[in-house]
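Okay, so here's the structure we're looking at.
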Amino acid sequence: MRKWISFPKQVGVSSKQAHADFPEQAIYEREVGRSGFFGPATHFHHRHAPTGWSEWEGELRPRNFDFNKLDNLATDSPWQVPLLLHNAQCKFRIWHCHEKMPFLVRNADGDELLFIHEGRGELYCDYGHMTLEKGDYFAIPRSTNWRIEPLEPMHIVMIEATNSAYQLPEKGLVGNHAIFDPACLDTPDIDADFKAQYSEEQWQIEVKRHDKISRITYPYNPLDAVGWHGDLAPVRINWRDIRPLMSHRYHLPPSAHTTFVADGFVVCTFVPRPIESDPGALKVPFYHNNDDYDEVLFYHEGDFFSRDNIDKGMVTFHPAGFTHGPHPKAFQAGREYRKKFTDEVAVMLDTRNALEMGEVCAQVENPDYVYSWQAKDEKAK
Numbered sequence: 001m002r003k004w005i006s007f008p009k010q011v012g013v014s015s016k017q018a019h020a021d022f023p024e025q026a027i028y029e030r031e032v033g034r035s036g037f038f039g040p041a042t043h044f045h046h047r048h049a050p051t052g053w054s055e056w057e058g059e060l061r062p063r064n065f066d067f068n069k070l071d072n073l074a075t076d077s078p079w080q081v082p083l084l085l086h087n088a089q090c091k092f093r094i095w096h097c098h099e100k101m102p103f104l105v106r107n108a109d110g111d112e113l114l115f116i117h118e119g120r121g122e123l124y125c126d127y128g129h130m131t132l133e134k135g136d137y138f139a140i141p142r143s144t145n146w147r148i149e150p151l152e153p154m155h156i157v158m159i160e161a162t163n164s165a166y167q168l169p170e171k172g173l174v175g176n177h178a179i180f181d182p183a184c185l186d187t188p189d190i191d192a193d194f195k196a197q198y199s200e201e202q203w204q205i206e207v208k209r210h211d212k213i214s215r216i217t218y219p220y221n222p223l224d225a226v227g228w229h230g231d232l233a234p235v236r237i238n239w240r241d242i243r244p245l246m247s248h249r250y251h252l253p254p255s256a257h258t259t260f261v262a263d264g265f266v267v268c269t270f271v272p273r274p275i276e277s278d279p280g281a282l283k284v285p286f287y288h289n290n291d292d293y294d295e296v297l298f299y300h301e302g303d304f305f306s307r308d309n310i311d312k313g314m315v316t317f318h319p320a321g322f323t324h325g326p327h328p329k330a331f332q333a334g335r336e337y338r339k340k341f342t343d344e345v346a347v348m349l350d351t352r353n354a355l356e357m358g359e360v361c362a363q364v365e366n367p368d369y370v371y372s373w374q375a376k377d378e379k380a381k
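Take 1 as the starting number for the sequence shown in UniProt numbering and just add one per residue.
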């Protein structure tokens, strides 16, 4: 087990409590932490915003992609879409499923997590049938056969847990029923719709292994189960079933919003919640160096109060190694109590190891995003 060199220390003027009651001469707090908000941390109090850079050179920089502009995502198979962000532990893709899939697919590389950004459709898999709706997560165990019949065009975020499995996070002091009750998890059913697709006609399965495709042909539809029992199955939960942890006196870190965990990364969900009401509490995401994790945010819907000029379907990518936090307008609104409630929905992917960008990312990147933390008067200089 890693043993950190850590002990509490206070130097100069600082607050007693992180994210609250800042000293008057330094309204900007910066958290420097390890292990994704679970390790040792120090909170600096600054006279200037930690994101107040005037120039930036080099590859390490915050990035913003508008994946709505990509035109090669509507493919027959999810394995045909380009990799957007990836490392050895996970792969991030976006797939537009507009037509009924004429074959089955199977991921032999790892578990797959689908997030339904737009549309709805019928999903058939080894375990049965389920209707997927906008806002659903659907976690698929490795090597499960599945296919989708869209009822309307579907835009799907796909996050592969390469060579690992999705699990639920430990909930510790708040108990097993906090954030969402495990009873909210749904599984597919061997229902009338599933039985109706039994067939003695030829079917194929496209199997992805080491990112190469093999095709297996059967003289019948292999989705022919009549029942099953056990504790391994795909599960679904909608973001609307998530009841976020809150404190009216303290801004909780992103780790409090963890939905799924896998080897080397976590998936978090930000959903609408009241903003902290205590006069001394920070009311926007705090400036921080999350120096062990890359952070990716997919914006699903709502008003993304900590970011300017971000629309649904966009993605921000903040690699480990620099300070980031709210944009100036959001920071000021938080200080002036302009907002009482967040109405944003976003999916966050935090990876322990560095992510690489797919080649298509450059086509839809906003090169000016790195300067979006500058106040308007600074931009005009």
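Where is the CB? At the ideal position from N, CA and C, for every residue including glycine. As the structure is a prediction and not an experimental result, all values here were calculated from the model.
Beta-carbon separation (whole angstroms), residue i vs residue j, contact threshold 8 Å
| i | j | result |
| --- | --- | --- |
| Val105 | Trp146 | 6 Å |
| Ala165 | Ala262 | 7 Å |
| Gly325 | Thr51 | 6 Å |
| Arg215 | Gln202 | Contact flag wrong, Cβ pair sits at about 12 Å. |
| Ile148 | Leu123 | 5 Å |
Any chain C beta carbon closer than 8 Å to residue i
| i | result |
| --- | --- |
| Ser164 | Although the question refers to chain C, the structure presented lacks it and comprises just one protein chain. |
Beta-carbon proximity check, residue i vs residue j, cutoff 8 Å
| i | j | result |
| --- | --- | --- |
| Asn221 | Val32 | no |
| Ile156 | Cys97 | yes |
| Asp136 | Ile116 | yes |
| Phe38 | Ser247 | no |
| Leu282 | His251 | yes |
| Val13 | His45 | yes |
| Arg287 | Gly36 | One detail in the question is off: residue 287 reads as Tyr in this sequence, not Arg. Contact flag unset, no. |
| Asp224 | Tyr198 | yes |
| Pro62 | His300 | no |
| Gly119 | Met154 | yes |
| Ala139 | Pro244 | no |
Backbone secondary structure at residue i - three-state DSSP
| i | result |
| --- | --- |
| Trp56 | coil |
| Ser6 | coil |
| Trp203 | strand |
| Lys339 | coil |
| Lys283 | coil |
| Asp263 | coil |
| Val370 | helix |
| Arg249 | coil |
| Val32 | strand |
| residue 382 | Missing from the structure shown is residue 382; the chain here goes from 1 to 381 and no further. |
| Phe304 | coil |
| Lys329 | helix |
| Ala256 | helix |
| Asp278 | coil |
| Glu295 | strand |
| Asp311 | coil |
| Glu359 | helix |
| Arg240 | helix |
| Val347 | strand |
Burial state of residue i (16 or more Cβ within 10 Å)
| i | result |
| --- | --- |
| Ile5 | exposed |
| Glu344 | buried |
| Val267 | buried |
| Met101 | buried |
| Gln89 | buried |
| Lys381 | Any reading at Lys381 is ruled out, since the residue's pLDDT is 39, under 50, leaving its predicted position unreliable. |
| Lys69 | exposed |
| Asp10 | Per the sequence shown, the amino acid found at residue 10 is Gln instead of Asp. The residue in question, Gln10, is exposed, as its Cβ has fewer than 16 Cβ neighbours within 10 Å. |
| Pro274 | exposed |
| Phe341 | exposed |
| Val226 | exposed |
| Lys379 | Reliability fails at Lys379, whose pLDDT of 47 lies under 50, so the model's placement of it is uncertain and no value is given. |
| Glu356 | exposed |
| Thr144 | buried |
Which runs of the alpha helix (DSSP H) fall wholly inside the UniProt domain "Homogentisate 1,2-dioxygenase N-terminal" (93-236) and span at least 4 residues, in chain order?
192-196
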